[in-house]
Amino acid sequence: MKKMKISVLLLSGAILLGSCSTMNNTAKGGVIGGGSGAAAGAIIGGLIGKGKGAAIGAAVGAAVGTGAGVAIGHKMDKKAAEAAKIEGAQVEKVTDTNGLAAVKVTFESGILFGFNSSALSNTSKASLRELAQILKEDPTTDIAIVGHTDKVGTYEANMKVSKDRAYTVENYLQDCGVSPAQFKQVEGVGYNQYDDSMTASQNRRVDIYMYASEQMIKNAEAGK
């Protein structure tokens, strides 16, 4: 079953813009891009659940304008809609560290791993091939991959397997033609990122983020 949910977490002097959760990324881009951009780290992006997730975003070092935020939001809306067509895909709209729209993709069944394993199943490969087509459409899209694990075994062993899972997904996406230059963050996380709302098997997963690169932001600022 395909699912899409919107999660926009804005931390700016304890001001929470809850109304953004009902807006699409095009609208959110205008509000967020015009609000503060990357200023003072006011917006923490990619955070999900109980404060767990990945901080993602290009190091642009300046606030992103309203027009660029709208343009990037529109791009991310399109990517989210395309990703949601993949069987079993769960698509979450998040914000990056620049306050810009981004997309997080996980799978109900597919990019889940067996105990202590980083091997991709045939179902995983089929899902990744479809996602690769979306990632290849725009080489100015940056990618972050975060591998997760369960709580069985030592912390060190779990860190190793979660990293292996992330790199396995990265390598397969590259095999499917995604440019190595698009991968800006590939990492594994340990017990501190375990989600108690999920089963142990559901925690053996990889999260994939699509967000605006520095070049995409420059293009948007230039009206391209």
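Count the sequence shown with mature numbering (1 follows the signal peptide of the UniProt record, and there is no 0) and you get residues -24 to -1, 1 to 200, in order. Glycine included, each C-beta is placed from N, C-alpha and C at the ideal position. Predicted model, so just to flag it, every value in this text is computed and none were measured.
Beta-carbon proximity check, residue i vs residue j, cutoff 8 Å
| i | j | result |
| --- | --- | --- |
| Met136 | Tyr170 | Note on residue identity: the sequence assigns Lys, not Met, to residue 136. Going by C-beta atoms, Lys136 is not nearer than 8 Å to Tyr170. |
| Ala108 | Gly45 | no |
| Ala30 | Ile48 | no |
| Thr117 | Gln66 | no |
| Asn74 | Val122 | no |
| Lys160 | Ala196 | no |
| Lys69 | Ala59 | no |
| Ile193 | Ala35 | no |
Cα-Cα separation between residue i and residue j, rounded to whole angstroms
| i | j | result |
| --- | --- | --- |
| Asp72 | Phe91 | 31 Å |
| Ala198 | Ile32 | 23 Å |
| Gly21 | Tyr185 | Because Gly21 sits at a pLDDT of 34, beneath the cut-off of 50, its placement in the model cannot be relied upon, and the following sentence gives the value as read from the coordinates. For Gly21 and Tyr185, the distance between alpha carbons rounds to 11 Å. |
| Tyr148 | His124 | 17 Å |
| Glu132 | Ser97 | 24 Å |
| Gln191 | Glu63 | 31 Å |
| Val81 | Asp183 | 6 Å |
| Val162 | Ser189 | 15 Å |
| Lys61 | Arg181 | 19 Å |
| Gly9 | Val79 | With a pLDDT of 37 at Gly9, under the threshold of 50, the modelled position of this residue cannot be trusted, and the question is left open. |
Assumed close pair residue i, residue j - CB separation to whole angstroms, cut-off 8 Å
| i | j | result |
| --- | --- | --- |
| Gly166 | Ala142 | In fact, because the Cβ distance is near 12 Å, the residues do not count as touching under 8 Å. |
| Val145 | Leu111 | 11 Å between Cβ atoms; not a contact. |
| Pro115 | Ser173 | That pair is no contact at about 35 Å. |
Where residue i falls: helix, strand or coil (DSSP)
| i | result |
| --- | --- |
| Tyr170 | coil |
| Asp140 | helix |
| Asp118 | strand |
| Ala198 | coil |
| Asp151 | helix |
| Arg105 | helix |
| Val145 | helix |
| Lys160 | strand |
Any non-hydrogen atom of the ligand SAM closer than 7 Å to residue i Cβ
| i | result |
| --- | --- |
| Gly75 | Ligands in the displayed structure: none, and consequently the ligand SAM is not present. |
Within the segment 20 to 99, ranges of the alpha helix (DSSP H) (whole runs, at least 4 residues): The segment 20 to 99 contains these whole alpha helix (DSSP H) runs: 42 to 59.
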